[in-house]
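Here is the structure we will look at, set down as structure tokens.
Protein chains: 2
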Amino acid sequence: MSTKVNAVSIFALGGLHEIGKNMYAIECSNDIVIIDCGNKFPDESLLGIDLIIPDITYLLENKEKVRALIVTHGHEDHIGGIPFFLKKINVPVYATRFTLGLIELKLKEHKILRESELIEINANSTVTFDDISVDFFKVTHSIPDCLGMVFHTPEGNIVHTGDFKFDLTPANNEHSDIHKMAEIGKEGVLLLLSESTNAERPGATPSEQRVGEHVDEAFMRAERKVILSTFASNISRVQQVVDACQKTNRKLALLGRSMVNVVAVAMERGYLTVPEGMLIDQNEINELAPEKVAILCTGSQGEPMAALARLSTGNFRGVEILAGDTVIFAAGPIPGNERNVTSIVDNLFSLGARVIYGTGSSSGMHVSGHGYQEDLKLMLTLMKPKYLIPIHGEYRMLHHHRLLAESVGVKQGNTFIINNGDVVDIENGIARQTRKVPAGNTYVDGVGVGDVGDLVLRDRKQLSEDGMLVIVLTLSKTEKKLVSRPDVISRGFVYVKESEELQRDVNRLITKNVNELLEANKYQWNVLKQTLKKSVGQYLFSHTKKKPMILPIIIEI
Amino acid sequence: MSTKVNAVSIFALGGLHEIGKNMYAIECSNDIVIIDCGNKFPDESLLGIDLIIPDITYLLENKEKVRALIVTHGHEDHIGGIPFFLKKINVPVYATRFTLGLIELKLKEHKILRESELIEINANSTVTFDDISVDFFKVTHSIPDCLGMVFHTPEGNIVHTGDFKFDLTPANNEHSDIHKMAEIGKEGVLLLLSESTNAERPGATPSEQRVGEHVDEAFMRAERKVILSTFASNISRVQQVVDACQKTNRKLALLGRSMVNVVAVAMERGYLTVPEGMLIDQNEINELAPEKVAILCTGSQGEPMAALARLSTGNFRGVEILAGDTVIFAAGPIPGNERNVTSIVDNLFSLGARVIYGTGSSSGMHVSGHGYQEDLKLMLTLMKPKYLIPIHGEYRMLHHHRLLAESVGVKQGNTFIINNGDVVDIENGIARQTRKVPAGNTYVDGVGVGDVGDLVLRDRKQLSEDGMLVIVLTLSKTEKKLVSRPDVISRGFVYVKESEELQRDVNRLITKNVNELLEANKYQWNVLKQTLKKSVGQYLFSHTKKKPMILPIIIEI
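Which chain is which? The protein sequence lines are A and B, in order.
The opening position of the first sequence corresponds to residue 12 in the numbering used here, with each subsequent residue numbered one higher.
The opening position of the second sequence corresponds to residue 12 in the numbering used here, with each subsequent residue numbered one higher.
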């Protein structure tokens, strides 16, 4: 793990071969600077796990070198791991005003806001460490106040794009600073880390303005209440809803904790302008005529506990969706969420609502925040990097990003498709993929961070599919024999109680097994337990085709 | 449950408000005729469940009236429940030659082929029961030999479309019999049951021919092996692959059990023409030059145990995908399967394969077998039904189908959006939604059919997320006291053993609880168990935020 003086190392602790838990690091002699610290939500195979965060073993081992965490923007996959990280390594966090607002919400929740050092930066800031200094440039994405960054290192300039698209007509007038990017490119970029989410999609990302036009039209056509669901952090879309309310003379209620919190941050910090008196409390919704009300709520991804899901099943206290109301999904479903979303759409239709959603022909109510192929090519063209590390994507996205880079002049062999933990070292201007640092998934399970591993997950999987069978044997120590009939208790398996025959056979099998072993003078508990696990397991599988976990317990008296 | 003589009842036992387990019934005085008997695959919330089939309680209660099962086509969601159904109600099964071939495979597997009565029909057949007779008409779909049917009842004609699209240039020259449909419509249709899968999609379904052109092109451009994955039952697409092999002079190997079985049925019965000598065994793949081989395999939906998934991870014995091979997904991902599919795509790209798949811009390698809006409108126009029951779809699809029907002249109020079990009765030419019959999901769990219910599933859910904790107390009956320290065993929870403090605290808590109760003369096991569940549960939740299942076991000696 030795790095030569002045050599620069680049690696990811999350974000490669996955969408989520972005965390990148640049190391140069005594400095390690971290970019982003996100989380990721588990898929169904990770039973019971609440959250996944990056494994930071390497940083803990080199704690004294970690100088700072710099954050590109405020999405969960870039800030969701911060509280867990700061609890272990309390370094200054640099981010823009809006991003800091969202980070503060998290730190408050984790009760570590006071001891954290948060430093506000903007696109004109420069941050300087021992061997590295960092400049910034504005990029457009689907949340305000996003940054790309240039790391000036002894080896040359390294650019990290953050998440971006080139929206030339953004809804919030926060433009990508293409001129600054051009200057950076002109100055020379040794290595570019650029996001890859939409590298498979041809063309250019549509502008946010298009969504605004569709929102306006839907509000104008709506004859009763309008309920619109989107990501709370998409403040420019929230602004579009506010504007549509103003044009159609509606009051606006916010439903869902993150919508209320994030909108408050955006208003306080000047990223959202809401006319005096437009916002109403949810209790006031029913006091107004339906055509005078709009609701902005969480739950566009079909999250079962979020506001929209509860509204769709009539389980949101005090607020109802009624026939003739208009419900708008102003966010596309993230892969994996499609079924949750469509089941809400079904419920809404059955309430008699008009539903505007994204299946079949696109509804025009959402555009991606991530650049398509033409956007990625424009970034590559502006930066003219010698080397590229495509980041923020699954393998096929990184792969397509490489092809795009080669199409605009990055030399074959100069794109590194690496995995989390793979280190690219740059020395004398030459980049090479060299060593590895530890990287992987750290599971958050209840209050536990990192203490649930594969063994527990394997147990949960078996329990979830086939349940379990507890066998309690009471043995006499002195006489070395069973003193009563074995007890058999099952959960999550077929109910053994209800299946008398099975119950009888299992009991008989256990008694026979145990007696045989005891007669053969095999009193070792291990042997008893292993024998029972095997024979009862085989019996049950052959009779039920299920493999419950078998847990023999021996009581010796 | 009384039905007046000559009145006709229509209901579904599956297929409404869902995609899957299609089963419809038409009842007229002494006849109940069943249409299709499908299965459905469980989503992740149904832990451990293998399959879902319709609840046939009503049919069992009226077993003597059930005359026949008539099958529209051979897809799983139309035939997958048949073995389970016939084991309970052994009536004749009417289906076309190819459909019967697939049904036979299932009955063989369930070892009930011999006692089943299978009757071959075709589009010219007529089947007659006491009060109902049935005629058929050809429809095009994504499997050969599909039928729609007309039930001639005393009340009038009832048409069931089966699954269909209007493919005017089908790959297999099996055309929709539009002229017969027109005649049926002219004769008069009282009620139409028409499928709704693509009722949300504007336009007309593209033709299968388009896929053939894309397959040909991909085969011609491929410089090494071609691996194509599709649904085994899509025989016209299999034929296109065979044709492409012939044009590019390749041998063809079949991988995956269902591919081998279904292709065998199709060849035997004359639905697929494969040139002599083209098919090779999988052992022969490596003996030929890569540009002389193609592989047709299962697994287009990303099923983790199917051939393609195993090929993508290098776990298919004797067959490898190498750099430069071309892999084609010739089937779109069914909603819910996207993530499994893309993870295979990632693996294939990392093997260096060229992958043709459906994300981003469409690959042209798949078209839907279900009619889009224009197809559904054409069916409605041909049939001119007085009443419509949209079937085969989730709520929003049924809803859109209703709107389409009204747009081509079905009267408002004459479309019945009903649920499984809702009965539409027709009397004197007037249809009304009236009674309900039992309907729902029957779970197949291992060999058990219907014996795993909500309680077991709830246990599995708790076990899967939070694991369990078994507490064994050994009590002296005579002295009414604990005779040893309680035993605590956990699985799927944090490992209590590794958390000494937790272990010590839980033990102390149990001992304290039990001693207090015993001192208060509360020796009832129920009280002991409930107290422990509550206090240990609360302790664990406050310390770990997890709620493991707590299973107290009392041994009395």
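Built from N, CA and C at the ideal position, the CB exists for glycine as well.
Per-residue burial, residue i [other beta carbons within 10 Å of its own, 16 or more giving buried]
i: ASN184 (chain B); result: exposed
i: MET316 (chain B); result: exposed
i: MET390 (chain B); result: buried
i: ASP174 (chain A); result: buried
i: ILE130 (chain A); result: exposed
i: LEU513 (chain A); result: buried
i: LEU466 (chain A); result: exposed
i: MET231 (chain B); result: exposed
i: GLY199 (chain B); result: exposed
i: LEU283 (chain A); result: buried
i: LEU551 (chain A); result: buried
i: SER475 (chain A); result: buried
i: THR241 (chain B); result: buried
For residue i, three-class secondary structure by DSSP
i: PHE552 (chain B); result: helix
i: ILE46 (chain B); result: strand
i: ALA275 (chain A); result: helix
i: MET376 (chain A); result: coil
i: ARG496 (chain B); result: coil
i: LEU362 (chain A); result: coil
i: MET34 (chain A); result: strand
i: VAL352 (chain A); result: helix
i: PHE147 (chain B); result: strand
i: THR284 (chain B); result: coil
i: PHE95 (chain A); result: helix
i: GLU438 (chain B); result: strand
i: ALA229 (chain A); result: helix
C-beta neighbour in chain A for residue i, strict 7 Å
i: THR522 (chain B); result: no
i: LYS176 (chain B); result: no
i: VAL435 (chain B); result: no
i: LEU389 (chain B); result: no
i: GLY91 (chain B); result: no
i: SER361 (chain B); result: yes
i: SER372 (chain B); result: Legend: pLDDT at SER372 (chain B) = 42, less than 50; position of this residue unreliable, no value from coordinates given.
i: HIS225 (chain B); result: no
i: LEU319 (chain B); result: no
i: GLY503 (chain B); result: yes
Any C-beta of chain B under 7 Å from that of residue i
i: THR337 (chain A); result: no
i: HIS186 (chain A); result: no
i: PRO346 (chain A); result: yes
i: ASP477 (chain A); result: yes
DSSP bridge partner residues for residue i (one or two, in chain order)
i: GLU131 (chain B); result: B:ALA106
i: PRO563 (chain A); result: A:ILE482
i: CYS256 (chain A); result: In DSSP, CYS256 (chain A) forms no bridge with anything.
i: ASP433 (chain A); result: A:LYS447
i: HIS171 (chain A); result: A:MET160, A:LEU204
i: ASN452 (chain A); result: A:PRO65
i: TYR590 (chain A); result: This structure leaves residue 590 (chain A) out entirely; chain A is present only between 12 and 568.
i: GLY25 (chain B); result: B:MET34
i: ASP266 (chain A); result: A quick correction: the sequence has Leu, not Asp, at residue 266 (chain A). According to DSSP, LEU266 (chain A) bridges with A:CYS308.
i: THR139 (chain B); result: B:SER144
i: ILE339 (chain A); result: A:LEU239, A:ILE367
### Query
Three or more beta-carbon pairs under 8 Å between the region 240-248 of chain A and the region 148-167 of chain A, yes or no?
Contact between the region 240-248 of chain A and the region 148-167 of chain A is established, with three or more Cβ pairs separated by less than 8 Å.
### Message
Can you confirm whether the region 251-265 of chain B touches the region 372-384 of chain B when touching is taken to mean that 3 or more C-beta pairs between the two stretches lie within less than 8 Å?
### Response
Short answer: they don't touch.
### Message
Three or more C-beta pairs under 8 Å: does that hold for the region 88-107 of chain B against the region 32-42 of chain B?
### Response
The region 88-107 of chain B, when compared against the region 32-42 of chain B, does touch it at the 8 Å Cβ threshold.
### Message
Using 8 Å as the cut-off, can you tell me whether the region 354-368 of chain B makes contact with the region 320-338 of chain B, which would need three or more C-beta pairs spanning the two stretches below that distance?
### Response
They touch, by the three-pair rule.
### Task
May I ask you to verify whether the region 19-27 of chain A touches the region 161-170 of chain A, counting CB pairs closer than 8 Å and requiring at least 3?
Segments in contact, yes.
#### Entry: Three CB pairs or more closer than 8 Å across the region 203-223 of chain B and the region 66-82 of chain B
In this structure the region 203-223 of chain B does not touch the region 66-82 of chain B; the number of beta carbon pairs closer than 8 Å is below three.
### Query
Would you call the region 415-435 of chain A and the region 213-232 of chain A touching, i.e. three or more CB-CB distances under 8 Å?
Too few Cβ pairs lie closer than 8 Å, so no.
### Task
Count the CB pairs spanning the region 58-72 of chain B and the region 116-136 of chain B that are closer than 8 Å, and state whether there are at least three.
In short, these stretches do not touch, since the Cβ pair count stays below three.
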